[in-house]
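Novice: For the record, in the sequence shown the residue sitting at position 261 is 287 according to our numbering, with numbers rising by one throughout.
Virtual Cβ for every residue (Gly too), placed ideally from N, Cα, C.
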Amino acid sequence: MSQTLRTRPRAAGAVLTGLGGMLGAGVFAGLAPAAAPAGGWFLVGTVVAALVAGCVTTAVSYRARAVPELDGDQHLREQLGAWPARMSGSAQLLGRAAGLAAVAGTVGEYLAPEYRVPVAVGLVALVTAVDAAGLALNGAWRWVPALGVLAVLGVMVAVCFGAAPPPAAPVPPGLPGADDPSGIAGAAGVMFFAFLGFERITGATAGERRAARWPAPVVLPVLLGVPLAGYLAVGFGAYHQLGGARLALSPVPLRDALAAADAAPLAPLVNLGVLLAATGVLPVVLAGARRAVAAVARAGDLPEVVVRPGAAGTPWRASVLAGAAGAVAAVLLPPAAAIPLAACGMLFHSAFACAAARLALLDTPGLPARLACAGMALCVVVAMSLPVPALLVTAVAVALGTGGCALAARGGR
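See below:
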């Protein structure tokens with residue numbers, strides 16, 4: 027009985043943290059870049075993105091149960107070698123940094139578009155300071171971001187379907203927002219960013235591996251099903267009001283959808299939802315970036331001082347490095363460019379994670395091993411369907427990061 031009472035909070039905490047991490051910029055800003063290549067077919071792409079996230083989560087969760095003594099980064103390095111591990115770590119850090127820029131930039135777009143960059147950099151700096159100090163939401167407060175965002179999205183969906191949409195002309199083929207089923211994979215790649223909180227149940231540190239041992243069927247339906255239902259409802263509502271072209275070109279699609287439904291006075295409610303979403307997702311993304319930096323340092327590819335804990339017991343130097351990368355990305359990238367880049371980096375990292383999981387599950391017949399193969403293949407296919415600039419930046423960043431890690435490791439010997 028005591029073991030049951032102890033493990034239930036762990037599973038609930040995994041779900042809460044994951045929901046808080048997913049109900050963020052993906053729904054408030056990701057709809058536009060997802061609708062651009064596929065039009066209304068981006069809703070199918072959203073389902074595909076959830077499928078990819080489900081495959082990755084299940085495979086890595088079973089890997090964590092099969093090899094509990096190693097965290098994900100250590101296991102990847104042991105199974106695939108140092109060079110693939112460096113490539114995976116570089117892709118993950120790029121994805122996290124771009125994710126910070128996307129989330130913080132989305133807050134700036136909604137609250138103060140003319141000051142988007144200062145707002146984004148300020149938010150990243152604030153979250154970095156909080157993370158470095160070892161502070162976090164605890165207890166009932168962990169419910170606030172997820173439930174608050176769900177309430178705001180519920181109002182938005184009700185308004186969008188409660189009013190007749192304005193007339194919209196058909197979008198000619200080839201233009202952003204035109205209905206095109208060949209763009210489903212590209213839309214799935216963008217919307218994969220919306221599910222980045224899913225990896226919180228796979229575990230990355232000693233304290234998180236126990237949560238990872240909870241069977242994926244226990245946590246996964248809630249962790250992916252609730253956001254998926256929300257994204258589909260909100261996406262269909264926004265598409266219903268704006269049409270493909272306006273949705274694809276809108277930097278603030280939810281607010282524009284309310285305006286199209288003659289509900290512009292509710293715009294402050296959407297702004298509140300954006301702030302609540304950022305409260306949930308920014309700490310999750312930054313914590314992931316910090317863990318990525320710490321994993322590289324523990325492997326000897328960065329100085330050991332990076333992971334040395336400070337007075338608060340946290341590796342604050344890793345937090346600062348991760349936050350600095352996010353701040354630079356926030357200066358260089360608007361949310362519409364940061365979201366595909368974040369998705370691209372995390373998709374390639376997830377492909378490596380699935381490959382390592384498949385090797386760990388060689389002697390485990392059945393669905394988990396097959397899902398690891400499927401997850402790896404889907405990650406690559408979906409990533410290669412993302413915009414060319416995102417692919418090029420990812421390739422350059424991974425090459426530079428991998429080479430830099432190798433040089434640092436050689437210099438440390």
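Residue 367 and residue 358 - do their beta-carbons sit closer together than 8 Å?
Specialist: Counted from its first residue, the sequence shown places residue 358 at position 332. Counted from its first residue, the sequence shown places residue 367 at position 341. In this structure, residue 367 does not lie closer than 8 Å to residue 358 by Cβ.
Novice: Nearest-angstrom Cα distance between residue 392 and residue 384?
Specialist: The residue labelled residue 392 in the question sits at position 366 within the sequence shown. The residue labelled residue 384 in the question sits at position 358 within the sequence shown. C-alpha separation (whole angstroms): 12 Å.
Novice: Compute the Euclidean distance between the alpha carbons of residue 433 and residue 143, then round it to the nearest angstrom.
Specialist: One-based indexing of the sequence shown puts residue 433 at position 407. One-based indexing of the sequence shown puts residue 143 at position 117. C-alpha separation (whole angstroms): 33 Å.
Novice: On the three-state DSSP scale, how would you describe residue 390?
Specialist: On the sequence shown, residue 390 is found 364 positions in, with the first residue counted as 1. Looking at residue 390 - three-state DSSP - the assignment turns out to be coil, as it is neither helix nor strand.
Novice: Give me the Cα-Cα distance between residue 73 and residue 210, rounded to the nearest whole angstrom.
Specialist: Residue mapping note: residue 73 aligns to position 47 of the sequence shown, counting from 1. Residue mapping note: residue 210 aligns to position 184 of the sequence shown, counting from 1. Distance between the alpha carbons of residue 73 and residue 210 is about 10 Å.
Novice: I'd like to know if the region 278-294 and the region 178-188 are in contact, where contact means that at least 3 CB-CB pairs between them fall below 8 Å.
Specialist: Yes: at least three Cβ pairs fall under 8 Å.
Novice: Would you mind sorting residue 207 into buried or exposed? The rule is 16 or more other CB atoms within 10 Å of its CB.
Specialist: The residue labelled residue 207 in the question sits at position 181 within the sequence shown. Residue 207 comes out exposed.
Novice: Helix, strand or coil: how does DSSP classify residue 428 here?
Specialist: The sequence position of residue 428 within the sequence shown is 402, counting from 1. Residue 428 falls in the helix class under three-state DSSP.
Novice: Please go through the same chain and pick out, in chain order, the residues whose beta-carbon is closer than 7 Å to the beta-carbon of residue 32, but skip the five residues on each side of it.
Specialist: Here the question's residue 32 lines up with position 6 in the sequence shown. Model confidence at residue 32 stands at a pLDDT of 37, short of 50, so the residue's coordinates are unreliable; what they give is reported in the following sentence. Excluding residues within five positions, none has a Cβ falling inside 7 Å.
Novice: Is the separation between the beta-carbon of residue 68 and that of residue 60 shorter than 8 Å?
Specialist: Counted from its first residue, the sequence shown places residue 68 at position 42. Counted from its first residue, the sequence shown places residue 60 at position 34. Yes, Cβ-Cβ distance for residue 68 and residue 60 is below 8 Å.
Novice: By Cβ distance below 7 Å, which residues in the same chain neighbour residue 418 in space, the five residues on each side in sequence not counted?
Specialist: Numbered from its first residue, the sequence shown carries residue 418 at position 392. Correct list: empty, nothing qualifies.
Novice: Count Cβ pairs between the region 94-110 and the region 249-256 that sit closer than 8 Å; are there 3 or more?
Specialist: They do not touch, by the three-pair rule.
Novice: Based on Cα-Cα distance, which residue from 116, 378, 153 and 57 lies nearest to residue 427?
Specialist: For the purposes of this step, residue 427 is taken as the residue at position 401 of the sequence shown. Of the candidates 116, 378, 153 and 57, the one whose C-alpha sits nearest the C-alpha of residue 427 is 116.
Novice: Using 8 Å as the threshold, is the C-beta distance between residue 88 and residue 300 below it?
Specialist: One-based indexing of the sequence shown puts residue 88 at position 62. One-based indexing of the sequence shown puts residue 300 at position 274. In this structure, residue 300 does not lie closer than 8 Å to residue 88 by Cβ.
Novice: Please give me, in chain order, every unbroken run of the alpha helix (DSSP H) with length at least 4 that falls completely inside the region 359-386.
Specialist: Segments of the alpha helix (DSSP H) lying fully in the region 359-386: 361-386.
Novice: Is residue 121 helix, strand or coil when you go by DSSP?
Specialist: Residue mapping note: residue 121 aligns to position 95 of the sequence shown, counting from 1. Correct three-state label for residue 121: helix.
Novice: Can you give me the C-alpha to C-alpha distance between residue 230 and residue 222, rounded to a whole angstrom?
Specialist: Stepping through the sequence shown from its first residue, residue 230 is reached at position 204. Stepping through the sequence shown from its first residue, residue 222 is reached at position 196. Low per-residue confidence applies at residue 230: pLDDT is 44, beneath 50, and the placement is therefore not dependable enough to give any value.
Novice: Could you name each continuous alpha helix (DSSP H) segment of 4 residues or more that falls completely within the region 56-85, going from the start of the chain to the end?
Specialist: Counting whole runs of 4 or more residues, the region 56-85 contains the alpha helix (DSSP H) stretches 57-64.
Novice: Would you call the region 154-168 and the region 393-402 touching, i.e. three or more CB-CB distances under 8 Å?
Specialist: Contact fails: fewer than three Cβ-Cβ distances are below 8 Å.
Novice: Check whether the region 368-380 touches the region 116-131, counting contact only when three or more Cβ pairs, one atom from each stretch, lie closer than 8 Å.
Specialist: Output reads yes: the region 116-131 touches the region 368-380.
Novice: Residue 389: buried (16+ other C-beta within 10 angstroms of its C-beta) or exposed?
Specialist: Taking the sequence shown and counting its residues from 1, the one referred to as residue 389 is at position 363. Burial call: exposed.
Novice: Is DSSP giving residue 29 helix, strand or coil here?
Specialist: To locate residue 29, count along the sequence shown from 1; it is residue 3. Bear in mind that the predicted position of residue 29 carries a pLDDT of just 38, short of 50, making it unreliable; the figure below should be weighed with that in mind. Helix at residue 29.
Novice: How big is the Cα-Cα spacing for residue 57 and residue 437?
Specialist: As a position in the sequence shown, residue 57 is number 31, starting the count at 1. As a position in the sequence shown, residue 437 is number 411, starting the count at 1. Going by the C-alpha atoms only, they are around 45 Å apart.
Novice: Inspect the CB distances between the region 257-277 and the region 195-206 and report whether three or more fall short of 8 Å.
Specialist: Counting Cβ pairs under 8 Å, three or more are found: they touch.
Novice: So residue 78 and residue 302 are in contact, right, with Cβ under 8 Å, and what is the actual spacing, rounded?
Specialist: For the purposes of this step, residue 78 is taken as residue 52 along the sequence shown, with counting starting at 1. For the purposes of this step, residue 302 is taken as residue 276 along the sequence shown, with counting starting at 1. With 8 Å as the limit, residue 78 and residue 302 do not qualify as a contact, their Cβ atoms being about 26 Å apart.
Novice: Could you tell me the boundaries of the alpha helix (DSSP H) in which residue 306 lies?
Specialist: Here residue 306 is taken as the residue at index 280 of the sequence shown, counted from 1. From DSSP, the alpha helix (DSSP H) with residue 306 extends over 293-324.
Novice: For the alpha helix (DSSP H) that contains residue 154, what are its first and last residues?
Specialist: Against the sequence shown, residue 154 aligns to sequence position 128. Unbroken alpha helix (DSSP H) run through residue 154: 142-158.
Novice: Distance, Cα to Cα, residue 350 vs residue 412?
Specialist: Within the sequence shown, numbered from 1, the residue matching residue 350 stands at position 324. Within the sequence shown, numbered from 1, the residue matching residue 412 stands at position 386. Rounded to the nearest angstrom, the two C-alpha atoms are 26 Å apart.
Novice: How would you label residue 288, buried or exposed, when you count the other beta carbons within 10 angstroms and need 16 or more for buried?
Specialist: Here residue 288 corresponds to residue number 262 of the sequence shown, with the count starting at 1. Answer is exposed; the Cβ neighbour count stays below 16.
Novice: Cβ of residue 127 within 8 Å of Cβ of residue 364?
Specialist: Indexing the sequence shown from 1 puts residue 127 at position 101. Indexing the sequence shown from 1 puts residue 364 at position 338. Yes, Cβ-Cβ distance for residue 127 and residue 364 is below 8 Å.
Novice: Got a sec? Which residues, its chain only, sit under 6 Å from residue 34 by beta carbon, not counting five neighbours each side?
Specialist: As a first step, residue 34 must be located in the sequence shown, where it is residue number 8. Residue confidence for residue 34 is low, a pLDDT of 39 falling below 50, so the modelled location carries little weight and cannot support an answer.
Novice: What are the boundary residues of the alpha helix (DSSP H) that includes residue 215?
Specialist: Position 189 of the sequence shown holds residue 215. 210-218 is the span of the alpha helix (DSSP H), which, as asked, contains residue 215.
Novice: Using a Cβ-Cβ cutoff of less than 6 Å, which residues in the same chain neighbour residue 21 once the five nearest sequence positions on both sides are dropped?
Specialist: Residue 21 is absent from the structure shown; the chain starts at 27 and stops at 439.
Novice: Could you give the DSSP three-state label for residue 203: helix, strand or coil?
Specialist: Within the sequence shown, residue 203 is the residue found at index 177, counting from 1. Three-state DSSP puts residue 203 in coil, outside helix and strand.
Novice: Out of curiosity, what's the CA-to-CA distance linking residue 49 and residue 387?
Specialist: Indexing the sequence shown from 1 puts residue 49 at position 23. Indexing the sequence shown from 1 puts residue 387 at position 361. Near 31 Å, if we compare the C-alpha coordinates of residue 387 and residue 49.
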